[in-house]
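Novice: Below is one structure. I have some questions about it.
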Amino acid sequence: MNLELLTPAEMAEADRLAIATGPFDGIGLMRNAGGAVAAVALERFPNAKRVHVLAGPGNNGGDGYVAAKILNESGIAVSLWASGAPRDGTDAAIAAAECPVSERPLADFDAEAGELIIDALYGAGLSKPLVDAAARAVALVATKRLPVIAVDLPSGVSGESGKVLGDAFRATLTVTFARKKPGHLLMPGRDLCGELIVTDIGISPDVIESLAVITSENQPSLWRRAFPSPAVDTHKYRRGHVGVFSGGPISTGAARLSALAAARAGAGAVTVFSPGNALAVNAMHLTSIMLHKVDDVAELAAVLGEGRSSAFVLGPGFGVGEKARDFALAILAAGGRLAEAGAEGLVLDADGITAFRDAPQWLFEAAARPEAPALVLTPHEGEFARLFSNVAGNDDLSKLGKARAAAAAAHAVVIYKGADTVIAAPDGRAAINANGAPWLATAGSGDVLAGIVAGLIAQRMPAFEAACAGVWLHAEAGSRFGLGLIAEDLPAALPPVIKSLSGQDSVSGSQH
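To get this note's numbering, take the position in the sequence shown, counting from 1, and add 44.
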């Protein structure tokens, strides 16, 4: 599966390299793209009374001219509305000259019920808001609720960020070329694209590979090779031991959700580290999960000295304050000893993140030490703003850009949660998740995610791959369960999803 996500600049470079290496020249690629759009229109909207092609002056418009020509030759009634003439000598100018359909000014555009719109105005490369005739066209199409095929990306949506620049078309489906763009997966762009169809127009995989793209769609083929598979002769501690820190007696549920999720994700042993005054409460609810008293840093140091736990979860229901900071810093500082015992990482979630809002540099400096175990941060939007206030306030950055900047600053893998969760590593790699479901917007869901990631890290899965896998598994389990999901349902929903990764069951969006 082709997982690379190309920015508009990378896509332009792919076009350039493809033209240089052949077999298609620029107009050849454009004819392939326009032909793909026309084929989708004919297949999906065979009963459209008329097709209105809205063509911009650039390459996106050139694709539109090609589509208009093919549809016209197929006997379809076609109207062509242009926002400006292509520049002389360009591929778009060649496509316009070859199109027999007479063009009319976009300012005069009108359409009726039962007709189809092909949006070939600006596509992924747009960097400024739609105005005048283009904005009027968006409003007219929305008012009349006409179906829209977007070429590459709905005009008005940034291919870089998914942000809407003023106004934008809401597409019924979007036809893009070679690879998806970040704007196809980042909100609100993902919502405005409708169904997304990626078509091959003759750009070879070697060209894409030469770009060394470091942004991917989060799918199993991205991390499957690193996914843990227990050996026949394994035992529980070889499968990793996760330690989850519990809050006080009225705040224990979140830690238990994380603990159960870590176990369901495959960790061989899981222990809840509980304050003494919450031991009885936790003991009443735990069976396969072990329980151990940890009240202060001294008792934590003793646990760390034993070297049994190979991954930790700190934050769910733990409480915000000095204790959370001290525990997190102690785990990161014990990296050398933990590494000798096989410890792999700390997943800092919820209260554990917020505890550092006034002193984020303490956390970042501790994570930067070479001997520190891997740090994974799992902020939602509010927690992200608390920990990364400078990054969060930078409106020039997309969510992808913010996650990447945060990961570099924190020396940590960052899971920037939301409908379009972004996972970013300190080395610049990033993945955008696309299988999220609205059912996951429920209390405790994030606690489960933290446990899944820790469970995978405990099994020696590298932190970035574990974070990507955890996000995908969490979303897939929620999607399969569907309406009525609560956080307690998620751990039990994991085993069928994990089983399917072995090829014993079908997994949406994956390869076997």
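Glycine is no exception: its CB is placed at the ideal position from the N, C-alpha and C atoms.
Since this is a predicted model, take the numbers as computed values, not measurements.
What is the residue span of the beta strand (DSSP E) that residue 98 lies within?
Specialist: Per DSSP, residue 98 belongs to the beta strand (DSSP E) from 95-99.
Novice: What are the complete alpha helix (DSSP H) segments, minimum 4 residues, inside the region 309-352?
Specialist: Counting only runs of 4 or more, we get 323-329, 341-350.
Novice: Residues in the same chain with beta-carbon distance under 8 Å from residue 292, minus the five sequence neighbours each way, listed in chain order, please.
Specialist: Excluding residues within five positions, the ones whose Cβ falls inside 8 Å are 319, 321, 322, 363.
Novice: For residue 260, does the three-state DSSP call read helix, strand or coil?
Specialist: Correct three-state label for residue 260: strand.
Novice: Would you check if the distance between the CB atom of residue 336 and the CB atom of residue 317 is smaller than 8 Å?
Specialist: Contact: yes.
Novice: When you compare only the Cα positions, how much space is there between residue 372 and residue 209?
Specialist: In a straight line, the C-alpha of residue 372 is about 41 Å away from that of residue 209.
Novice: Only counting the same chain, and skipping five residues up and downstream in sequence, which positions put a Cβ closer than 6 Å to that of residue 124?
Specialist: These residues qualify, in order along the chain: 97, 112, 145, 147.
Novice: Taking only the alpha-carbon atoms, compute the straight-line gap between residue 177 and residue 240 and give it to the nearest angstrom.
Specialist: About 26 Å.
Novice: Do you know whose CA, among 232, 88, 223, 302, lies nearest residue 217's CA?
Specialist: Comparing Cα positions, the closest option is 88.
Novice: By DSSP, does residue 113 sit in helix, in strand, or in coil?
Specialist: Here residue 113 sits in helix by DSSP.
Novice: Roughly how far, in whole angstroms, is the beta-carbon of residue 140 from the beta-carbon of residue 109, given that I think they are within contact range, below 8 Å?
Specialist: Yes, residue 140 and residue 109 are in contact; Cβ-Cβ is about 5 Å, under 8 Å.
Novice: The alpha helix (DSSP H) with residue 371 in it runs from where to where?
Specialist: Residue 371 -> alpha helix (DSSP H) spans 366-377.
Novice: Quick test of your reading: residue 135 and residue 106, contact by CB under 8 Å. State the CB separation rounded to the nearest angstrom.
Specialist: Yes, they are in contact, since the Cβ atoms of residue 135 and residue 106 sit about 6 Å apart, within 8 Å.
Novice: Is the CB-CB distance between residue 314 and residue 306 below 8 Å?
Specialist: In this structure, residue 306 lies closer than 8 Å to residue 314 by Cβ.
Novice: From the DSSP output, which residues share a beta bridge with residue 220?
Specialist: Bridge partners of residue 220: 242.
Novice: How many angstroms separate the CA atom of residue 505 from the CA atom of residue 206?
Specialist: About 31 Å.
Novice: Exposed or buried, what is residue 55 when buried is set at 16 or more other beta-carbons lying within 10 Å of its beta-carbon?
Specialist: Its Cβ being crowded by 16 or more others within 10 Å, residue 55 is buried.
Novice: For the putative contact between residue 389 and residue 419, defined by C-beta atoms under 8 Å, what is the C-beta separation to the nearest angstrom?
Specialist: That belief holds up - the Cβ atoms of residue 389 and residue 419 are roughly 7 Å apart, short of 8 Å.
Novice: Among residues of its own chain, excluding the 5 on either side of residue 489, which ones have a beta-carbon nearer than 6 Å to its beta-carbon?
Specialist: Same-chain partners within the cutoff: 531.
Novice: Use the C-beta contact count for residue 74: other C-beta atoms within 10 angstroms, 16 or more gives buried, fewer gives exposed.
Specialist: Its Cβ being crowded by 16 or more others within 10 Å, residue 74 is buried.
Novice: Assuming the contact rule is C-beta atoms closer than 8 Å, residue 303 and residue 503 should be a hit. Round their C-beta distance to whole Å, please.
Specialist: Not really, about 15 Å apart at Cβ, beyond 8 Å.
Novice: Among the residues of its own chain, which have a CB less than 8 Å from the CB of residue 427, if the five just before and after it don't count?
Specialist: 394, 397, 398.
Novice: In angstroms, rounded to a whole number, what distance separates the CA positions of residue 446 and residue 435?
Specialist: Distance between the alpha carbons of residue 446 and residue 435 is about 6 Å.
Novice: Going by C-alpha to C-alpha distance, which of 118, 297, 65 sits closest to residue 495?
Specialist: Per the Cα distances, 297.
Novice: In the DSSP assignment, what are the bridge partners of residue 148?
Specialist: Residue 148 pairs with 125.
Novice: Pick helix, strand or coil for residue 276, following the three-state DSSP scheme.
Specialist: Here residue 276 scores only 48 on pLDDT, less than 50, and its place in the model should not be relied on; the value that follows carries that caveat. Coil at residue 276, not helix or strand.
Novice: Assign residue 162 to one of three DSSP states: helix, strand, or coil.
Specialist: Of the three classes helix, strand and coil, the one that applies to residue 162 here is strand, per DSSP.
Novice: Should residue 289 and residue 392 be called a contact, given that it needs their Cβ atoms to be closer than 8 Å?
Specialist: Going by C-beta atoms, residue 289 is not nearer than 8 Å to residue 392.
Novice: In terms of residues, what are the limits of the alpha helix (DSSP H) holding residue 534?
Specialist: Residues 533-543.
Novice: Leaving aside the five residues before and after residue 169 along the sequence, list all residues of the same chain whose C-beta is less than 6 Å from its C-beta, in chain order.
Specialist: So the list reads 52, once near-sequence residues are dropped.
Novice: Going straight from the alpha carbon of residue 517 to that of residue 542, what length do you get?
Specialist: Distance between the alpha carbons of residue 517 and residue 542 is about 7 Å.
Novice: Specify the secondary structure class of residue 477 as computed by DSSP and reduced to three states.
Specialist: Reduced to three states, the DSSP call for residue 477 is strand.
Novice: For residue 438, does the count of other Cβ atoms within 10 angstroms reach 16, so buried, or fall short, so exposed?
Specialist: Result: exposed.
Novice: Among the candidates 414, 347, 294, whose CA atom is the shortest distance from the CA of residue 324?
Specialist: Closest by alpha carbon: 294.
Novice: Can you tell me whether residue 300 is buried or exposed? The criterion is at least 16 other CB atoms within 10 Å of its CB, across all chains shown.
Specialist: Flag for residue 300 reads buried.
Novice: Return the CA-CA distance between residue 507 and residue 377, expressed in angstroms with no decimal places.
Specialist: Their backbone Cα atoms lie some 18 Å apart in a straight line.
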